[in-house]
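Heads up: the structure comes next, in structure tokens.
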Amino acid sequence: MRSCRALQATAVVKSSLQLKLKTSTEDTCISLIKQCHTLKSLKALHASILRSLHLHLHSLTNLISHYASLGSISYAYTLFSHCNSFSNDAFLWNVMLRGLVDNAHYHRTFLLYTRMPYLHIAPDNFTFPFLLKACASLRILNLGSQLHAHAFVYGYSSHVFVANSLISMYAKCGLFPVSERVFDKMPQRSIVSWSAMIGACLQCGFHEQGLLLFTRMLDQGIKPNRASILNATACVRRENAAHHMHRVIMDNVLDNDHSVQNATMLMFARCGRIDIARSLFDAFTYKDLVCWASMIDAYARADLPLEALLLFNQMRLQCVLPDSITLLAVIQACSILASLHLARTLHAVIIRCFLECQLELDTAVLDLYMKCGSLTYARKVFDNMKGRNIISWSTMLSGYGMHGHGKEALHLFDQMKALIKPDHVTFVSILSACSHAGLINEGWECFDSMVRDFGVTPTSEHYACMVDLLGRAGQLNQALEFIEKMPVRPEAGVWGALLGACRIHSNVELAEIAAKSLLNLDAKNPGRYVLLSNIYASLGKRREAYRIRNLMKSRGVKKKVGWTSIEIKGKMYTFVAGDRANPEMDLIYSELGKLMERIRQEGYIPDVSFVLHDVEGETKEMMLYAHSEKLAIVFGLIKLGHESSIRITKNLRVCGDCHTATKFISKVTGREIVVRDSQRFHHFMNGTCSCGDYW
Numbered sequence: 001m002r003s004c005r006a007l008q009a010t011a012v013v014k015s016s017l018q019l020k021l022k023t024s025t026e027d028t029c030i031s032l033i034k035q036c037h038t039l040k041s042l043k044a045l046h047a048s049i050l051r052s053l054h055l056h057l058h059s060l061t062n063l064i065s066h067y068a069s070l071g072s073i074s075y076a077y078t079l080f081s082h083c084n085s086f087s088n089d090a091f092l093w094n095v096m097l098r099g100l101v102d103n104a105h106y107h108r109t110f111l112l113y114t115r116m117p118y119l120h121i122a123p124d125n126f127t128f129p130f131l132l133k134a135c136a137s138l139r140i141l142n143l144g145s146q147l148h149a150h151a152f153v154y155g156y157s158s159h160v161f162v163a164n165s166l167i168s169m170y171a172k173c174g175l176f177p178v179s180e181r182v183f184d185k186m187p188q189r190s191i192v193s194w195s196a197m198i199g200a201c202l203q204c205g206f207h208e209q210g211l212l213l214f215t216r217m218l219d220q221g222i223k224p225n226r227a228s229i230l231n232a233t234a235c236v237r238r239e240n241a242a243h244h245m246h247r248v249i250m251d252n253v254l255d256n257d258h259s260v261q262n263a264t265m266l267m268f269a270r271c272g273r274i275d276i277a278r279s280l281f282d283a284f285t286y287k288d289l290v291c292w293a294s295m296i297d298a299y300a301r302a303d304l305p306l307e308a309l310l311l312f313n314q315m316r317l318q319c320v321l322p323d324s325i326t327l328l329a330v331i332q333a334c335s336i337l338a339s340l341h342l343a344r345t346l347h348a349v350i351i352r353c354f355l356e357c358q359l360e361l362d363t364a365v366l367d368l369y370m371k372c373g374s375l376t377y378a379r380k381v382f383d384n385m386k387g388r389n390i391i392s393w394s395t396m397l398s399g400y401g402m403h404g405h406g407k408e409a410l411h412l413f414d415q416m417k418a419l420i421k422p423d424h425v426t427f428v429s430i431l432s433a434c435s436h437a438g439l440i441n442e443g444w445e446c447f448d449s450m451v452r453d454f455g456v457t458p459t460s461e462h463y464a465c466m467v468d469l470l471g472r473a474g475q476l477n478q479a480l481e482f483i484e485k486m487p488v489r490p491e492a493g494v495w496g497a498l499l500g501a502c503r504i505h506s507n508v509e510l511a512e513i514a515a516k517s518l519l520n521l522d523a524k525n526p527g528r529y530v531l532l533s534n535i536y537a538s539l540g541k542r543r544e545a546y547r548i549r550n551l552m553k554s555r556g557v558k559k560k561v562g563w564t565s566i567e568i569k570g571k572m573y574t575f576v577a578g579d580r581a582n583p584e585m586d587l588i589y590s591e592l593g594k595l596m597e598r599i600r601q602e603g604y605i606p607d608v609s610f611v612l613h614d615v616e617g618e619t620k621e622m623m624l625y626a627h628s629e630k631l632a633i634v635f636g637l638i639k640l641g642h643e644s645s646i647r648i649t650k651n652l653r654v655c656g657d658c659h660t661a662t663k664f665i666s667k668v669t670g671r672e673i674v675v676r677d678s679q680r681f682h683h684f685m686n687g688t689c690s691c692g693d694y695w
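When we follow the UniProt record's numbering, the leftmost residue of the sequence shown carries the number 1, and every step to the right adds one.
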């Protein structure tokens, strides 16, 4: 009975629609087309139109456009192909070109354009923007330049619509000077022109130039629109500029625009004012998913993972379902903490939210497990992936390298080469794996095969891996010779690899050569100064060590505060050197003293060269004992079961004395200790470390 009534109701609707169409004008027909919000309803209307009316050009173009906007490019193109009576109308072709571009059918867009001259259809000022957008999306510079020439021949190259598109296209293809030239030669500029040029500055990384252009626009009395504000806020990198931009937004009454609010929040976070960003976030009357994801991502980028995870939990309590972008930000936060418990919990959330696998998320989870120290879980994710791309393979290779499993990495690399061509990122991963495992011959073979077998030109990153490989083997002179013969100028990473090798092998002469270049190329990196200072200190050259520390201070470079975290029963605990904040510090120091005595009896000798303070030897030893790594390990020994592995995370390179002490601790306690530092993973077991004492 119900089905009969439903059929009767449908019939009534159809007959009513046909009656409307029979008595309608073309404007009514177009209005009905625009009211269709689903493909099914549009097809039904289309069928009724065919039965009741003769299609005019305006109705036809609206139908094609609406089919394309609903994602049915096949229906749109079929309808377009049968428009023989209007086949020479440029407007109709522009509608079809736009539909193809909006649905990312870029190559078909170009093919359709090539048909126009054969049918004697001249492109107009609306044709070229669609084509240039397709070029920009594919980053095809040659074709974009040809289209520029076509626009010039047809007399549209200076037209504001076309010029705006040329500015964006050249910027996305990496030719910023040409974008500038197009902008400067424009006889007339709209607000869209200014916005496009500021966007070009942003695209090419010229942030200060983008802000200067925005100021110039304001000085000419041009009122900013939403797009120009969004591009300009993304260019801001300094706090004073952020406050100025915020005033401009307020003065132009754009502060209630949701996208602008979100951009303002991100702007302050990017400038280091995460507190202002959070206050803006809290003041939003409406928080959509983009807003939540942006704030979570801001916390993760600001190295505030706990705040990011807390906000994510608040979002879920508000019944806001995360998307892949939000989850990628949360994964980044989890990877900073290196918490295996949190990683597994988040993985479960992802599985519930996305029943079908998403390659990008799967790869991120794979990377997360590796950064949490679990190659077992990482490999399970990798093996269960329904599809793998170059990033997935490279990530798994990198994971094996971080954990010192060079042989496994090479075996996986062989499997990969049979299925997919490796790229420059893949070679960085495999060379790094060879370096961490000390596989010199295999590393050279991989390096030589880059150009020979795969046509991949080595970059500074690949050369840095090779310097690191030679340095690990103690071949420091060969490493320097390799650097001197490089066909490209050595960058900071190359000299940094040599300096790291000099630290391990106590070669101060080569360390000074590396540092001379390094402290100019990477003058704001505190790690470089600390490393050189430690080399001097380890050789008893305390005056030189102090000189480097003073140079660091005079240049305004601040040493990062070292901390070590450990997860106990789902809760993160963080320690710094000499920490007294934990309520159980008295017990921790008591147990630490006993542990130090045990490992001394096994042969541990404190390396006081890592203490630069001018104090007595006994005091130096006490300062070493209070390093954050040791405090976290002792806390884990107190709180975790006797069979549990101890996993800690250090935000800097692990201290040499702590590395030695941890080997002894693993021996006397019989515990596996996994340490993740800024360089790699260290797996300590029975008095040895997986890194082979080079990190």
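Glycine is no exception: its CB is placed at the ideal position from the N, C-alpha and C atoms.
Just so we're clear, the structure is a prediction, and the values are computed from it rather than from any experiment.
When DSSP labels each residue in this structure, what does lysine 650 get in the three-state scheme? Strand, per DSSP.
Are there 16 or more other CB atoms within 10 angstroms of the CB of asparagine 686, so buried, or fewer, so exposed? It is exposed - the Cβ of asparagine 686 has fewer than 16 other Cβ atoms within 10 Å.
Restricting to runs no shorter than 4 residues, where is the alpha helix (DSSP H) found entirely within the UniProt repeat "PPR" (389 to 419)? The UniProt repeat "PPR" (389 to 419) contains these whole alpha helix (DSSP H) runs: 390 to 402 and 406 to 417.
Decide if asparagine 550 is buried, meaning its Cβ has at least 16 other Cβ atoms within 10 Å, or exposed. In the assembly as shown, asparagine 550 is an exposed residue. Its beta-carbon has fewer than 16 other beta-carbons within 10 Å.
Along the beta strand (DSSP E) that carries lysine 571, what are the first and last residues, could you check? For lysine 571, the uninterrupted beta strand (DSSP E) run begins and ends at 571 to 575, by DSSP.
To the nearest angstrom, report how far apart residue 734 and isoleucine 391 are at their CA atoms. The requested residue 734 is not part of the displayed model; the chain covers only 1 to 695.
Please go through the same chain and pick out, in chain order, the residues whose beta-carbon is closer than 8 Å to the beta-carbon of isoleucine 568, but skip the five residues on each side of it. Once the five neighbours on either side are set aside, the close Cβ partners of isoleucine 568 are Phe635, Gly636, Lys639 and Leu640.
Local conformation of glycine 527 per DSSP, three classes: In this structure, glycine 527 counts as helix in the three-state DSSP scheme.
Simplified DSSP assignment, three categories, for methionine 685: Three-state DSSP puts methionine 685 in a strand.
Within a Cβ cutoff of 7 Å, which residues of the same chain sit near threonine 459, ignoring the five residues on either side of it in sequence? Sequence-distant partners of threonine 459 (beyond 5 residues in either direction) whose C-beta falls short of 7 Å from its own C-beta, in its chain, are His424.
Reduced DSSP secondary structure (H/G/I, E/B, other) of isoleucine 566: Looking at isoleucine 566 - three-state DSSP - the assignment turns out to be strand.
For arginine 580, which of helix, strand or coil comes out of DSSP? Reduced to three states, the DSSP call for arginine 580 is coil.
Please classify isoleucine 325: does DSSP put it in a helix, a strand, or coil? If DSSP states are grouped into helix, strand and coil, isoleucine 325 belongs with the helices.
Beta strand (DSSP E) segment containing valine 674, residue limits: Per DSSP, valine 674 belongs to the beta strand (DSSP E) from 673 to 676.
Taking the C-alpha atoms as reference points, what is the distance between isoleucine 646 and asparagine 534? When rounded, the distance between both Cα atoms is 28 Å.
Return the CA-CA distance between isoleucine 325 and threonine 109, expressed in angstroms with no decimal places. Annotation: isoleucine 325 to threonine 109 spans about 29 Å, alpha carbon to alpha carbon.
What's the gap between the Cα of glutamate 509 and the Cα of alanine 473? Roughly 18 Å between the two C-alpha positions.
Candidates Gln679, Gly210 and Val674: which alpha carbon is nearest cysteine 689's? Per the C-alpha coordinates, the member of Gln679, Gly210 and Val674 positioned closest to cysteine 689 is Val674.
Considering only C-alpha positions, which residue in the set Leu539, Cys235, Gln475 and Ala523 is nearest to serine 506? Of the candidates Leu539, Cys235, Gln475 and Ala523, the one whose C-alpha sits nearest the C-alpha of serine 506 is Leu539.
Check for me: the alpha helix (DSSP H) holding methionine 486 runs from which residue to which? Per DSSP, methionine 486 is not a residue of any alpha helix (DSSP H), being assigned neither H nor E.
Starting from the C-beta of alanine 661, find all residues in its chain whose C-beta is less than 7 Å away, skip the five residues before and the five after it, and write them out in chain order. Take alanine 661, set aside five residues on each side of it, and the residues of its chain with a beta-carbon closer than 7 Å to its own are Ile599, Tyr604 and Lys630, in chain order.
In terms of residue numbering, what span does the alpha helix (DSSP H) encompassing leucine 375 cover? That run of the alpha helix (DSSP H) goes 375 to 384.
May I ask you to report which of helix, strand or coil DSSP gives histidine 37? For histidine 37, the three-state secondary structure derived from DSSP is coil.
Contact check, alanine 122 vs methionine 169 under 8 Å by CB: the rounded distance? Incorrect: roughly 21 Å between the Cβ atoms, too far for contact.
Measuring from the CB of valine 561, is there a heavy atom of the ligand MN at a distance below 7 Å? Questions concerning the ligand MN fall outside what the structure shown contains, since it holds no ligand whatsoever.
Pick from Ser259, Gly404, Arg270 and Ala149 that is closest to tyrosine 235, judged by C-alpha positions: In the sequence under discussion, the amino acid at residue 235 is cysteine, which differs from the tyrosine named in the question. Ranking Ser259, Gly404, Arg270 and Ala149 by Cα distance to cysteine 235 puts Arg270 first.
Is threonine 233 helix, strand or coil by DSSP? In this structure, threonine 233 counts as helix in the three-state DSSP scheme.
Can you name, in chain order, every residue of its own chain whose Cβ lies under 6 Å from the Cβ of proline 490, other than the five neighbours on each side? If we look at proline 490 and ignore the five residues flanking it on each side, its Cβ neighbours are Ile483.
Less than 8 Å between C-beta atoms, sequence neighbours within five positions excluded: which residues of the same chain meet that for isoleucine 33? These residues qualify, in order along the chain: Leu42, Leu45, Ser59, Asn62, Leu63 and His66.
What is the DSSP secondary structure of threonine 215, reduced to helix, strand or coil? In the structure shown, the three-state DSSP call for threonine 215 is helix.
Under 8 Å, do valine 182 and isoleucine 167 count as touching if we go by C-beta distance? Closer than 8 Å, so yes.
Alpha carbon of leucine 266 to alpha carbon of isoleucine 140, nearest angstrom: Cα to Cα, the separation comes out at about 31 Å.
Nearest by alpha-carbon distance to alanine 464: which of Asn441, Ser435, Ile222 and Asn477 is it? The shortest Cα separation from alanine 464 among Asn441, Ser435, Ile222 and Asn477 belongs to Ser435.
Looking only at C-alpha atoms, which of Ala242, Thr285, Gly174 and Gly500 sits nearest to cysteine 201? The alpha carbon of cysteine 201 has as its nearest neighbour, out of Ala242, Thr285, Gly174 and Gly500, the alpha carbon of Gly174.
What is the rounded straight-line gap between the Cα of phenylalanine 99 and the Cα of glutamate 307? Note that residue 99 corresponds to glycine in the displayed sequence, not to phenylalanine. Near 43 Å, if we compare the C-alpha coordinates of glutamate 307 and glycine 99.
Where arginine 680 and proline 583 are concerned, what is the direct C-alpha to C-alpha distance, given to the nearest angstrom? Approximately 31 Å, taken between the alpha carbons.
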